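Remarks on the structure that follows.
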Amino acid sequence: MFVRNQWYVASWDYEIDRAPLARTICGERIMLYRKFDRSVVAMHDACPHRLLPLSMGIKEGDNIRCRYHGLLIDPEGRAIEMPVRGERPHKSICARVYPVVERHRFVWLWMGDPDRADPALIPDFWPCSHADWNFDGDYYHLKCDYRLVIDNLMDLTHETYTHQGSIGQQEILDVPIETRVEGNSVIVSRWMSGIEAPPFWRNALKQEGLVDRWQVCHFLPPSSVIIDVGVAPVSVGSTLAKHDQGVRGFVIDALTPESDISCHYFWGMTRNFDTQDVGFTARLKKQQAAVFLEDVAVLEAQQASVLANPQSKMRAFGIDSGGVRARHIIERMIAAQPAAAGDSSSGG
Amino acid sequence: MFVRNQWYVASWDYEIDRAPLARTICGERIMLYRKFDRSVVAMHDACPHRLLPLSMGIKEGDNIRCRYHGLLIDPEGRAIEMPVRGERPHKSICARVYPVVERHRFVWLWMGDPDRADPALIPDFWPCSHADWNFDGDYYHLKCDYRLVIDNLMDLTHETYTHQGSIGQQEILDVPIETRVEGNSVIVSRWMSGIEAPPFWRNALKQEGLVDRWQVCHFLPPSSVIIDVGVAPVSVGSTLAKHDQGVRGFVIDALTPESDISCHYFWGMTRNFDTQDVGFTARLKKQQAAVFLEDVAVLEAQQASVLANPQSKMRAFGIDSGGVRARHIIERMIAAQPAAAGDSSSGG
Amino acid sequence: MFVRNQWYVASWDYEIDRAPLARTICGERIMLYRKFDRSVVAMHDACPHRLLPLSMGIKEGDNIRCRYHGLLIDPEGRAIEMPVRGERPHKSICARVYPVVERHRFVWLWMGDPDRADPALIPDFWPCSHADWNFDGDYYHLKCDYRLVIDNLMDLTHETYTHQGSIGQQEILDVPIETRVEGNSVIVSRWMSGIEAPPFWRNALKQEGLVDRWQVCHFLPPSSVIIDVGVAPVSVGSTLAKHDQGVRGFVIDALTPESDISCHYFWGMTRNFDTQDVGFTARLKKQQAAVFLEDVAVLEAQQASVLANPQSKMRAFGIDSGGVRARHIIERMIAAQPAAAGDSSSGG
């Protein structure tokens, strides 16, 4: 029910240090920690001996010793010291380790066949790690199916109502959206030509005059949405295909399923303006937290309603075209994958 | 498992106003609100678009706008405005509405086929809405099968033990009960001839001398119990068939299933004495709350015990004859109803 | 899934008095109380009438009256008074009573066929009730399968890591253990010859010089572990077979399943030294509580991990030989018992 053989965001870079962090990803309990060389270890969070979570263990250098009987596990998941001294651990005694790559400020885990874990398949979140851009954000836990969040992000009309007390704008509704599919990606774009810049963007642009404004939502499988937003003076002649002038941001939304009905949400914004303004960054995070609570209330209530109304089906309107197409891609990817086998969460 | 095609009490009249009230009835999530004309709307509490509870929505006049994408629904459950302006909602986009009637101080919902919703079938709670009577009461939520409450109410011997700290009386046990069935109704009566009135009733009657006293429990399907209580001077010659002299009250107990193991309890007392005494009414409600907590402890513990002891069966003694017969009627009504179909809680 | 036809510890002697104590044992809800003669009654905790827990009832002498309708039950579980006076209870109206014996400071219940309840089958916890020994301890509730606790107790190497902040010692790991099975009992022994006594035992022994030290874990079916610990001067020539000189204690661990994933843990220590030192006894209990919290954290996390990792199997190392053999005995006993029938928890 999850898309396998994919890179998922397991955490922000700043969430992990030498002490283990326990997080369940695609139903698998995983422990994450950094080695002295700062590289990240991701391991099944159950001792291969008696299944005690290894995240409760004692770090010894880059190894971890189980808190129960003291089995010592190295960063490759191999038992290297038995509870009784002098015994040699059999090589079959090991915890599953997950391919892990740190990139674009996130720690990515490969959930699936390790032999297929190609870092080139990690989505290109380049504005999150580009020197000219400023990127920051937060981690949230949501009690809902990650696909409900993707629906939410691929249709920004919800801002008008869900966020009417904060960022909602009626004007958004007046501009039509365009939805298109490119391979396994979905793009929903809204292009506003020759308008007055709203206050947020006027402050960012720091100049008068009419602007072109855009909101382009990209669904990237299996579960990310990147929203390209910004304005540029009409004079520079921006197009949907090319709009790298003016001021621009990318809202980064990386979702990672925890279970069928819960997920991890890594939210951030990266921008190419006021990049040295620490106060701006802090205000943005604080504002986003308030907006986000409005989404949490809606998404968790929607999930509860879905569970309580098994006979009721969700309907799709025109505004849902982006989410619908993203779900189709997810379903197709799940259907294409072989029935789970040799791919268990077993710590062995 | 619930009796369908019945009127159930959804709320007290005073519980509902223009803001939506969410309540689950017979397993269906329902939203209730009043229109400007004070009539009550009862609607499936899930937006026909993406299932967000409509009770989280924004009231616009008598309509409700979904908090998620702004679908506007009228009081008949029809979508009248799409999230994107200018689009015309298809008439299939609608939320189920429930027949609703306000009568005898309660809001009644018809759970079943709307074409069969005949207000004449609403139980006749006339003393709740008669000008010469004073009626007040409260709402309680109980974590037990509503039938356990009916058992409780159809056998007042429990007062002696469950309520030994409050209203319990040993004397009750000395007078035999009579149980009879009239159609789908069950009547358990206890007639005490020529006795001293207990303090409560002596205060009400305001005269000396021996009285006849009665306690007559009426089960009215699917799930109400009305208890006719009172005393009259021996001299007026009351009988079980006719006892409208003296002082009299009806304890009103309307149960509405929420789930298999929880229910809504609408309790009240209506009386024909001291009807203008506001202090008496307030004291009565306060006393009842204390008595009621004793019932809650017993009923919820009994429900937990029933669930924990699947091999144990409840036994019926003579005192249970009223409850047993009420349960037979409920079972017969459920057996007689067609297998659920076209009767789903689906919002559409 | 539980071993039937066995004596289980239901409580410490000091936990029960005339007011009923409710405790679920092997999935059966049971009420325990003392009669005036101090003998203990154990009864199915559900009124044979309407299943209200009898433990909510009203004690009348040695009988208990149900809080709901007042059915009066005698200590043999027989109804002796009906809710309505004058009615004679039918002899079929009864609550199941359990054979119960108070011995060695514990109250033992026979879970199974009452005709087979032979007190001679109660495990011989003689040091708990011998005049020359001092015995005290506590009750704990654990959210884990009782067999995880047996594993824990049959392998004391865990002390080194789980209890590294309290009683853990690296030295324990250097001495090999011996495991043997005697009938349905398992013995894991660690014999340390001619060593320096550690501080605890030197204080107990009150003399200088090298000692022999022992740790002998006895598993007694269905679910007790007794650990024989102590030291004796080398001069007395102790052996594993005979070591009744010196100072000695027995750690008593009686486990009683509550459900598949929870259990009751009756822990105590009995000793033959400083038996009149009340302060020592109190300190020992206090220290044990701190140690015990370390076990609780591990055992409950292990249980959660077992449930969350259905595909992962626990591995057994050499140190687990005692627990493995104890589990084999438990499995064999369960396999040997007839499929449950006539052995229900039904109160009748």
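If you read the sequences in order, they're chains A, B and C.
Be aware that the first sequence starts at 50, since it is given in my numbering, and climbs by one per residue.
Be aware that the second sequence starts at 50, since it is given in my numbering, and climbs by one per residue.
Be aware that the third sequence starts at 50, since it is given in my numbering, and climbs by one per residue.
We put the beta carbon where it would ideally sit given N, CA and C, even for glycine.
Being a predicted model, the structure only gives us computed values, none of them experimental.
Neighbour-count burial assignment, residue i, 16 or more Cβ in a 10 Å radius
| i | result |
| --- | --- |
| C:N8 | A query on residue 8 of chain C cannot be resolved here, the shown segment of chain C reaching from 50 to 397 and no further. |
| C:Q352 | buried |
| B:A246 | buried |
| B:F85 | exposed |
| A:I378 | buried |
| C:T288 | exposed |
| B:L342 | exposed |
| C:A388 | exposed |
| B:Q337 | buried |
| C:E297 | Rather than Glu, the amino acid found at residue 297 of chain C in this sequence is Arg. C:R297 comes out buried. |
| B:Y195 | buried |
| C:Y117 | buried |
| C:S60 | buried |
Any chain B beta carbon closer than 9 Å to residue i
| i | result |
| --- | --- |
| C:Y117 | yes |
| C:V285 | no |
| C:Y57 | no |
| C:H98 | yes |
| C:V146 | no |
Cα-Cα separation, residue i to residue j
| i | j | result |
| --- | --- | --- |
| A:A369 | A:H207 | The sequence shown places Asp at residue 369 of chain A, rather than the Ala named in the question. For A:D369 and A:H207, the distance between alpha carbons rounds to 10 Å. |
| C:W157 | C:Y147 | 10 Å |
| A:A365 | A:V373 | 7 Å |
| A:M203 | A:F268 | 7 Å |
| B:W263 | B:A350 | 30 Å |
| B:V285 | B:F322 | 17 Å |
| C:K108 | C:E136 | 21 Å |
| C:L333 | C:H313 | 20 Å |
| B:F155 | B:P163 | 19 Å |
| B:W175 | B:I236 | 18 Å |
| B:I171 | B:N233 | 14 Å |
| A:L205 | A:L254 | 23 Å |
| A:G391 | A:R67 | Here the model assigns A:G391 a pLDDT of 42, short of 50, so the residue's position is not dependable, and the following value carries that caveat. C-alpha separation (whole angstroms): 30 Å. |
| C:K192 | B:E380 | 40 Å |
Contact with chain C by residue i, beta-carbon distance below 9 Å
| i | result |
| --- | --- |
| B:M363 | yes |
| A:L101 | yes |
| A:S394 | Its pLDDT being 40, under 50, A:S394 is placed unreliably in this model, and the value from its coordinates should be taken loosely. So, interface residue. |
| B:H207 | yes |
| B:L222 | yes |
| A:M80 | no |
| A:I378 | no |
| B:Q351 | yes |
Bridge-paired residues (DSSP) for residue i
| i | result |
| --- | --- |
| C:P306 | C:C312 |
| B:W157 | B:V58, B:V150 |
| B:T451 | Outside the displayed range of chain B (50 to 397) lies residue 451 of chain B, so it cannot be described from this structure. |
| A:R145 | Answer by DSSP bridge pairing: none, since A:R145 is not bridged. |
| C:W240 | C:W263 |
| B:M400 | Since the first residue shown for chain B is 50 and the last is 397, residue 400 of chain B is missing from the structure and cannot be characterised. |
| B:M318 | B:D185, B:V300 |
| B:V274 | B:F268, B:D302 |
| B:V280 | B:R262, B:V296 |
| B:T288 | Beta-bridge pairing links B:T288 to no other residue. |
Pair within 9 Å by beta-carbon distance, residue i and residue j
| i | j | result |
| --- | --- | --- |
| C:L259 | C:P225 | no |
| B:R72 | B:Q386 | no |
| A:I301 | A:G371 | no |
| C:R127 | C:C115 | no |
| A:E307 | A:G76 | yes |
| B:A375 | B:D173 | no |
| C:G243 | C:D223 | no |
| C:P132 | C:S104 | no |
Cutoff 9 Å: residue i Cβ touching any chain A Cβ
| i | result |
| --- | --- |
| C:F398 | Chain C is shown from 50 up to 397; residue 398 of chain C falls before or after that span and cannot be answered. |
| B:A95 | yes |
| B:H292 | no |
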